[in-house]
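Below is one structure; the comments refer to it alone.
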Amino acid sequence: MRNVLITGASRGIGAETARYFAKMGDKVIINYNNSETEAKKLEKEINGIAIKADVSNSAEVKRMFEEVGRVDVLINNAGIAGFYMLDTMSDDEWDRMLSTNLSSAFYCSRGVLPQMISRKSGAIVNISSMWGLTGAACEVAYSTAKAGLIGMTKALAKEVGPSGIRVNCVAPGVIDTDMNSGLDKNTIRELCDETPLCRIGTALDVAKAVYYLADENSFITGHILNVSGGLVI
Ligand code: NAD
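Throughout, my numbering is defined as the position within the sequence shown, counted from one, plus 1051.
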């Protein structure tokens, strides 16, 4: 049985990915920051292990890795979205977007790599976004962080491939989670119209893509898997 650590797993894509890996027979370590009630509920539901840490904070991530023990698969999923015009964005807003969406993956990957390198096996999957591929107006910081994850995936895949570790990335399109709860019905309809597969995605669509990339026997590394129903091709 593999131990799979998923950051920001109390809800949305993280929670659905946790359910999917558990269903497929893995032990899931559910990282959460504020949503203790949801994380504990999921812990019970999937017989996982919930662990609190703000993954945008280097010290908290270090402490988390002192507690978690063996991790075979790391899924860097925690993230926040935010609409800002760059010319009026504050330093704090920029730092928060970058530390939550990008530095978190650095802290967690650095935390897990020593044990993976010593075992000469392991997989890391980063959750980027289609905006990391194409860029989005009013989401420059988010797009920058998500593009950073794509660069990190490719560079780290080259760095740790010889140690038997694979690093891949999923770039979701529009997925039906709380992150998009602000989108009204008309916007959703327009997005469906623009999408070749005529719908927005589900958290399960992303979970299955992550699972595929985390497969132990795979020859895939440094790959960015577009899960957007064709919205971005
Ligand atoms: P969500 O808001 O439902 O979930 C994000 C999770 O990350 C939450 O559980 C939140 O508590 C957690 N989190 C945030 N900051 C954290 C921190 N500092 N430490 C620990 N946990 C933290 O959104 P989601 O749609 O499930 O998003 C999951 C990932 O997928 C994010 O990285 C997001 O950017 C990415 N993504 C989502 C979409 C979409 O359309 N929903 C599209 C592309 C990419």
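Virtual Cβ for every residue (Gly too), placed ideally from N, Cα, C.
Asked	Found
Does the beta-carbon of Thr1088 have 16 or more other beta-carbons within 10 angstroms, so that it is buried, or is it exposed?	exposed
For chain D, is any of its Cβ atoms less than 8 Å away from the one on Ala1066?	Within the model displayed, chain D is absent; a lone protein chain is all it includes.
So, Ile1081 versus Ala1060, is the Cβ gap smaller than 8 Å?	yes
Between which two residues does the alpha helix (DSSP H) harbouring Cys1243 extend?	1236-1245
State buried or exposed for Ala1156, treating a residue as buried only when at least 16 other CB atoms are found within 10 Å of its CB.	buried
Specify the secondary structure class of Val1106 as computed by DSSP and reduced to three states.	coil
Please tell me whether, using a cut-off of 7 Å, the distance from the CB of Arg1121 to the nearest non-hydrogen atom of ligand 1 is below it.	no
Kindly indicate which residue of Ile1126, Ala1258, Gly1173 has the alpha-carbon position closest to the one of Asn1268.	Gly1173
If we call anything under 8 Å between Cβ atoms a contact, is Ala1222 one with Ser1194?	no
Taking DSSP as the reference, what is the three-state secondary structure of Gly1252?	strand
Since Val1257 and Cys1220 are thought to touch, with beta carbons under 8 Å apart, how far apart are those beta carbons, to the nearest angstrom?	Actually they do not touch by this definition, with Cβ atoms about 12 Å apart.
Which residues does DSSP list as the beta-bridge partners of Gly1173?	Ile1216
Since Tyr1083 is in the beta strand (DSSP E), which residue starts that stretch and which ends it?	1078-1083
For Tyr1158 versus Val1112, is the C-beta distance shorter than 8 Å?	yes
With a threshold of 7 Å, establish whether the CB of Asp1105 neighbours any heavy atom of ligand 1.	yes
Quick check: Val1283 and Met1181, are their CB atoms within less than 8 Å of each other?	yes
Could you tell me the boundaries of the alpha helix (DSSP H) in which Val1211 lies?	1191-1211
Compare the beta carbon distance of Ala1187 and Thr1228 with 8 Å and say whether it is the shorter of the two.	no
Distance, Cα to Cα, Glu1144 vs Lys1236?	28 Å
Spatial neighbours of Ser1107 within its chain, please: CB distance less than 6 Å, with the 5 preceding and 5 following residues excluded, ordered by chain position.	Ser1150, Thr1151, Ser1155
Which first and last residues belong to the alpha helix (DSSP H) in which Leu1276 is found?	No alpha helix (DSSP H) contains Leu1276, which is instead part of the beta strand (DSSP E) from 1275-1278.
If contact is defined by three or more beta carbon pairs under 8 Å, each pair taking one atom from either stretch, is the stretch 1193-1213 in contact with the stretch 1266-1281?	yes
Take Tyr1135 as the anchor and find which of Glu1190, Glu1094, Asn1085, Ile1102 has the nearest alpha-carbon.	Glu1190
Do Ala1129 and Met1230 have their beta-carbon atoms positioned less than 8 Å apart in this structure?	no
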